[in-house]
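Inspection log for the structure reproduced underneath, given as C-alpha cells.
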Amino acid sequence: MAVGIFDSGLGGLTVYQAVVERLPEVPFVYYGDNAHAPYGVRDSDDIFRLTCAGVERLWDEGCDLVILACNTASAAALKRMQETWVPADKRVLGVFVPLIEALTERQWGDNSPPREVAVKHVALFATPATVASRAFQRELAFRAIGVDVEAQPCGGVVDAIEQGDEILAEALVRSHVEALKRRMPKPEAAILGCTHYPLMQKTFQEALGPSVRVFSQAGLVAESLADYLGRRPEFAGAGAEAKLLTTGDPRAVSDRATQFLKRRISFEAA
Ligand code: DGL
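So the sequence shown is numbered by our numbering: it starts at 69 and just counts up by one.
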C-alpha cells in the first residue's frame, strides 16, 4: 500500500518526515527531481512535463496515490494534470487545499460554499511561479470571503537551500519579509507556500514577529492524508517498499537531506 511523495528537490522532505511520523505503517516512496530544481523559475509547460514524468515514475513503484509535496507543481501543473492526464484509477493531490482548509478553519474535505473567516490579512510567501499562478487565491476564494492576500515571490531561497547555503537563505528570507511588510505592515497570518520554507521557519517567524501565526504545510498535509486514506483506502497502491529516489546525484542529495532532517537519509537513482 505505498503512497508517492513528489517534489522538485529537497523541500518535500518536510512533508515526507511528517507523513512518515503520522502514518508509520504506510511505505512512502519519495521522488526528488533535484536535477531540474528549482521549478519556481520555470514556465508552466515545463513544470507540467517534469511533474508528469516524476508522477509516472511513482506509479511504476506501485503508488496509485501521489502527493505533490511541491506548491509550485501544485499551482502550475496539478489542475491540468487532473483535467487531462490522470487516469480514473489513480489520484494526484496537491498541498494547497489542506493549508487553506486549516487557514479557514474547515474540516478536511469540507466543500461547502465560501464564508467569512476570522483571519483578514494574510501574507503568502512562495516561489515566483506559484505567486504568478494565483492558484492560492483561487483555491481560497472557493472557501472564504473578505480575505486580503499579499503575495511575496521569494526568488533565490530554494536555490540557496538546495545548495546547502543556509546563510544566504536566511538573508534572502529576511529581505523578502521586509519587502512584504512594506506592502502589508500587519499580517495576522503568514503562509509558507513552498515546502522548502519550513527549513527556514525560525527565520520567517523571527522576521515577521511573534504576533504573526505562521502556517506551514507538513503537519497539515499529513493529517489530511490520514483522513483521505481513511475515506479512500483503495488508493493506497500495491507497492510495498519504502524508498527515496532522486534524478540528481544520490550521494550529494543524501548528504544534504541528512543535514536537513538531522538523521541518515539515503537516496537512490530514480
Ligand atoms: N518546494 C517546492 C514548492 O513547494 C518547489 C520549489 C522549487 O523547485 O522552486 O514550491
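Don't be surprised by glycine CBs; every beta carbon is placed ideally from N, CA and C. Fair warning: this is a prediction, and the values are worked out from it, not measured in the lab.
- Under the DSSP assignment, PRO106 falls outside any beta strand (DSSP E); it carries neither an H nor an E label.
- DSSP places HIS189 outside any alpha helix (DSSP H); the residue lies instead in the beta strand (DSSP E), whose first and last residues are 189 to 194.
- In the three-state scheme derived from DSSP, where H, G and I count as helix and E and B as strand, THR82 is classed as helix.
- Secondary structure of ALA186 (DSSP, three-state): coil.
- Distances from the CB of ALA86 to the heavy atoms of the ligand DGL are all 7 Å or more.
- ASP317 and ASN102 have their alpha carbons spaced roughly 8 Å apart.
- In this structure, ALA203 sits away from GLU129, with a CB-CB distance that is not shorter than 8 Å.
- Using a C-beta cut-off of 8 Å, the stretch 230 to 250 makes no contact with the stretch 204 to 212, since fewer than three inter-stretch Cβ pairs fall below that distance.
- Counting the other CB atoms within 10 Å of its CB gives GLN231 a total below 16, which places it among the exposed residues.
- Ranked by Cα distance from GLN327, the options ILE229, ALA306, VAL280 are led by ILE229.
- In this structure, the ligand DGL has a non-hydrogen atom nearer than 7 Å to the beta-carbon of SER76.
- VAL97 places its beta carbon less than 8 Å from that of CYS131.
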